[in-house]
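Enquirer: Quick one: this structure, given as structure tokens, is what I'll be asking you about.
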Amino acid sequence: MAEPNSPKAQADRVVDVFGETVIIRGDPAGALLDVAVIEEIVPPSVGAPLHRHSKEDEVSYVVEGMFRFWRGDEVLDVGPGGIAFLPRHQVHTFKNIGTGPGRLLTVILPAGFERFFEVVAERRFGDEDLEEIATIAAEFGMEILGPPPA
Numbered sequence: 193m194a195e196p197n198s199p200k201a202q203a204d205r206v207v208d209v210f211g212e213t214v215i216i217r218g219d220p221a222g223a224l225l226d227v228a229v230i231e232e233i234v235p236p237s238v239g240a241p242l243h244r245h246s247k248e249d250e251v252s253y254v255v256e257g258m259f260r261f262w263r264g265d266e267v268l269d270v271g272p273g274g275i276a277f278l279p280r281h282q283v284h285t286f287k288n289i290g291t292g293p294g295r296l297l298t299v300i301l302p303a304g305f306e307r308f309f310e311v312v313a314e315r316r317f318g319d320e321d322l323e324e325i326a327t328i329a330a331e332f333g334m335e336i337l338g339p340p341p342a
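As structure tokens, this is what we get:
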């Protein structure tokens, strides 16, 4: 097992994308996991673009706030303690519909997609750069279909 300060240890990384703060959680012991865990701090009325993954499933656990999830033709309102399963190949998104910041803990299976958030943050893309973001998303096997529903 890796020591906490060894090169194999996974430190948490914090990036700002799509108007939200994404904390990519790492295993402090450096364990090789085929799962990524991210914490999302989402301001009111903010959400992810409408998209579809080709490689990953996501499970989002609402820690705080009220979120609306779109999953295919379904619309789910989920509050604290609730979960939303967002399977690969299914069009989906979410939006914070609460009056204050919300927090999601999202598990991505298998790992790898979390790097997308780092790339978008490194390039300092904003909502106005959706075309460029879509090009990068495609490199990660994700198709961006547009903004979240109103």
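Counting in the numbering used here, the sequence shown runs without a single skipped number right up to 342 at its last residue. Every residue gets a Cβ at the ideal spot worked out from N, C-alpha and C, and that includes glycine.
Less than 8 Å between the CB atoms is what I'm expecting for SER252 and LEU322, so what's the real figure, rounded?
Expert: Translated into the one-based positions of the sequence shown, residue 252 becomes position 60. Translated into the one-based positions of the sequence shown, residue 322 becomes position 130. Contact flag wrong, Cβ pair sits at about 22 Å.
Enquirer: Please state if the CB of GLY239 and the CB of GLY290 are separated by a distance shorter than 8 Å.
Expert: Here residue 290 is taken as the residue at index 98 of the sequence shown, counted from 1. Here residue 239 is taken as the residue at index 47 of the sequence shown, counted from 1. In this structure, GLY239 does not lie closer than 8 Å to GLY290 by Cβ.
Enquirer: Is it right to say THR327 is buried, meaning 16 or more other beta carbons lie within 10 angstroms of its own, or is it exposed?
Expert: In the sequence shown, residue 327 corresponds to position 135, counting from 1. Per the 10 Å Cβ criterion, exposed.
Enquirer: Any beta carbon from chain C within less than 8 Å of ARG263's own beta carbon?
Expert: Judged by its chain identifiers, the structure shown contains no chain C, having just a single protein chain.
Enquirer: Between which residues of its own chain and ALA303 is the CB-CB distance below 6 Å, once the five residues before and five after are set aside?
Expert: Working through the sequence shown from its first residue, we reach residue 303 at position 111. Taken in chain order, the residues that qualify are ASP226, VAL227 and ALA228.
Enquirer: For the alpha helix (DSSP H) containing ARG307, name the first residue and the last one.
Expert: The residue given as residue 307 occupies position 115 in the sequence shown. Run containing ARG307: 306-314, per the alpha helix (DSSP H) assignment.
Enquirer: Would you mind giving the Cβ-Cβ distance between THR298 and TRP262, rounded to the nearest angstrom? I have them listed as a contact below 8 Å.
Expert: In the sequence shown, residue 298 corresponds to position 106, counting from 1. In the sequence shown, residue 262 corresponds to position 70, counting from 1. Rounded, the Cβ-Cβ distance is 15 Å, inconsistent with contact.
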